[in-house]
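Chains as they are written, first to last, in this note's numbering: chain P, 1 to 432; chain W, 1001 to 1432.
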């Protein structure tokens, strides 16, 4: 099938999925879980082929580790499916109910978006997680995984798709894309695809955003900041700056630039340098930083760089306002933390920093769907509309306005003798 | 100033507006209201120049009426500002509060989107409404009105902008664009503009959507349907079909195609024809319709046409499922109504029709922010993300995740001996 046909089929499937009951969707999730356990041997041997090919291709050890999908990984994703099944159905939730007039009731009710295209990295776990998240939220899914995991992804997609179809999900609800050419085609199918969620490198996500009229949910850069205010507790500030940088350097919520108020810089910089260098961090500092500690020079380019590595740029600023301006100029709207003892300064920072996640006295690394307790993470968004920050299932939902009347027409309203709207808030839920 | 400079200034202003208090914003609204009343003479005489120019240019009478902005219109928009001032601040609302661990609290709090670009028709009232909606929601605004209203828009924008700046709103919060070239430039300024709301013709909105990477909120087509099911009350069905078509033909929520179940077609079509023709409606019917009543033939093109006029296409369908399929194939995702006595059929229709507004036994014309009781209408959206259907102030908002800790770092969590997340729902509001 062409990508066009796969997408059109997903669109048709999505219209039926939108009407699926909670029971039908949960039954399908259970069928998927069972099928994955039953097919474990086949999955593991397909994965062995991918691993062998990757080893031949000299894939890095960390990537090989992510690619590996053994019995224990299968058990883990199956536990994930059980948790997902237990979650309340996110579809059909009443967000607002209003009586417009006697017998004329309006409900704003959550519903699936439709067809979601997800492009993800080499972890086969992601295919299972994303397809089941889409199913739970009533969306059809078009998935493109890393090419290194091709054999594993094929058997996973086939197993998941068939298991759900066997218990009533519409054929075509899950489509697998395999090549870069497939992705390029997908970007033009705005009639059949409602949202694209790209996960991957900065350049890749930017490429998607710039080459499609389909809305994109995601983030390109993660240039996160820690700002140490004049009123910061020095020990706390060092702990937070080090954790934000070093706890896991290769992720989008790791700190890339540290801003320090000039009044505290001379006190804290020598201790910070010691703590960071003990973890193997290379520091690049502004002139003022260099006048206090012996570090390499930071250039303008450093403020715009997502290192994803043991490198940190440091800038001394004259005020919290200057820190806010630096972040709004060079940041990527992802996650920024202030360390301060002043509530007033913290509030101003959190009001004025234009990022999805703004923290006071804690590490940037908390910015994550699991840590937030969202139940499931669809991705992290630096969008300014729809969904921002770590996005849970609600990012896969929109709403419909549903109105029930008994023959009302607009001509009867308005004018001096016309009927009047009551606009009374109803304490009622939409019931199927 | 160039559009680039105007936009960059709006971006800077937006960062300050996001931190404005409710009192500051309401004070600015009150200052705007007073300034408009104080400047009424100047506004009316500027409008007289626009009207004179428009009359010379032979503008249609309905357009002239919309362009006119006299003392009574000024009074009306000022009443609107009073209502808006009285509304709760939409910014700073807590959507979710979670304790991640003792002393580590996460709040999902509404905030402005940033910079909103709005392109609207010739009514000067729209400039006042949109700029004050943006102010109330803490957004900077770039506005482009109809060129017919240029003189009126200039004095309005200047009056509104200055009045708000005089009481503390940041300079540049309101920018006025005047030419099509300005709009073309705006479409490329994705770094400084977060959302575009275009109001106008189908072609114009499509042009905007296809020529910008900035998210667009709006609707191009409004191809709305009424479906009369086999179980419909015939009198009710006729009233709803006629009101949906005729109550105001030139609007996006007017019915363009009527679908009728074949079992009721012979009964209802002659009565419907009489009622519609009495209102001056020209009917174009499918073959089955033509076999029952004497009407022009509908072609494939009719199902895809938004007439915005006294024209209606009618198709007889074999089932409610066929009606749903017709709507999902030819509709524009705007507003669709079923008339039926069967709750089961109505529910299936509302679940399966992929439109922003799905109604049972009432007119499509109810699909409107005022009738919904939203307080204010930003526009009507057929988007599948962010906001759908009539959009109130909430369409101008997004949220931030705000976290407060006392030194927590991620390295302390995870692992067998690590601290555990509590993920307890908090019954608390974010307080500034």
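Even glycine gets a Cβ: it sits at the ideal position worked out from N, Cα and C.
Since we're looking at a predicted model, the values are computed, not measured.
Go ahead and pull the three-state DSSP assignment for residue i.
i: residue 321 (chain P); result: helix
i: residue 359 (chain P); result: strand
i: residue 1256 (chain W); result: strand
i: residue 410 (chain P); result: helix
i: residue 1220 (chain W); result: coil
i: residue 1336 (chain W); result: strand
i: residue 403 (chain P); result: strand
i: residue 1381 (chain W); result: strand
i: residue 1331 (chain W); result: coil
i: residue 1313 (chain W); result: strand
i: residue 1003 (chain W); result: helix
i: residue 25 (chain P); result: helix
i: residue 990 (chain W); result: The shown model of chain W, from 1001 to 1432, leaves out residue 990 (chain W), and the question about it has no answer.
i: residue 1375 (chain W); result: coil
i: residue 1393 (chain W); result: helix
i: residue 398 (chain P); result: strand
List, in order along the chain, the chain P residues whose C-beta lies closer than 9 Å to that of residue i?
i: residue 1094 (chain W); result: Ordered by position in chain P, no residue passes the 9 Å Cβ test against residue 1094 (chain W), which lies about 13 Å from the chain.
i: residue 1366 (chain W); result: 100, 104, 106, 403, 405, 408, 409, 410, 413
What do you get for residue i, buried or exposed, if any count of 16 or more other CB atoms within 10 angstroms of its CB means buried?
i: residue 1397 (chain W); result: buried
i: residue 83 (chain P); result: exposed
i: residue 14 (chain P); result: buried
i: residue 1181 (chain W); result: exposed
i: residue 148 (chain P); result: buried
i: residue 248 (chain P); result: exposed
i: residue 476 (chain P); result: The question about residue 476 (chain P) has no answer, for chain P in this structure spans 1 to 432.
i: residue 278 (chain P); result: exposed
i: residue 406 (chain P); result: exposed
i: residue 418 (chain P); result: exposed
i: residue 1361 (chain W); result: buried
i: residue 1076 (chain W); result: exposed
i: residue 1110 (chain W); result: buried
Check the Cβ-Cβ distances between residue i and every residue of chain P, and say whether any is below 7 Å.
i: residue 1361 (chain W); result: yes
i: residue 1058 (chain W); result: no
i: residue 1290 (chain W); result: no
i: residue 1225 (chain W); result: no
i: residue 1373 (chain W); result: yes
i: residue 1423 (chain W); result: yes
Given that residue i touches chain W, what residues does it touch there, using C-beta distances under 8 Å?
i: residue 400 (chain P); result: 1350, 1355, 1356, 1357, 1358, 1388, 1389
i: residue 210 (chain P); result: 1213
i: residue 114 (chain P); result: 1354, 1384
Would you say residue i faces chain W, with C-beta separation under 7 Å as the test?
i: residue 8 (chain P); result: no
i: residue 129 (chain P); result: no
i: residue 236 (chain P); result: yes
i: residue 239 (chain P); result: yes
i: residue 19 (chain P); result: yes
i: residue 231 (chain P); result: no
i: residue 117 (chain P); result: no
Note down, in chain order, every chain P residue with its Cβ under 8 Å from the Cβ of residue i.
i: residue 1152 (chain W); result: The contacting residues do not exist; residue 1152 (chain W) stays about 27 Å from chain P at best.
i: residue 1334 (chain W); result: By Cβ distance, chain P contributes nothing, its closest Cβ being about 11 Å from residue 1334 (chain W), past 8 Å.
i: residue 1243 (chain W); result: 409, 410, 411
i: residue 1261 (chain W); result: Near residue 1261 (chain W) there are no residues of chain P at all, since even the closest Cβ is about 18 Å away, more than 8 Å.
i: residue 1194 (chain W); result: 384, 385
i: residue 1219 (chain W); result: Under the 8 Å cutoff, chain P gives no residues; its nearest Cβ is about 14 Å from residue 1219 (chain W).
Going along chain W, which residues have a C-beta under 9 Å from residue i?
i: residue 247 (chain P); result: 1409, 1410, 1411
i: residue 15 (chain P); result: 1324, 1325, 1328, 1352, 1353, 1354
Quick one: which chain W residues come within Cβ less than 7 Å of residue i?
i: residue 204 (chain P); result: In chain order: nothing, as chain W lies at least about 16 Å away.
Uninterrupted beta strand (DSSP E) stretches inside the segment 1043-1131 of chain W (no shorter than 3 residues)
1094-1101, 1104-1112, 1115-1119
Beta strand (DSSP E) segments (min. 3 residues) lying fully within the segment 1225-1310 of chain W
1255-1261, 1282-1285
If you scan the segment 119-196 of chain P from start to end, which runs of the alpha helix (DSSP H) of 4 or more residues do you find wholly inside it?
Whole alpha helix (DSSP H) segments, 4+ residues: 124-136, 150-166, 180-186.
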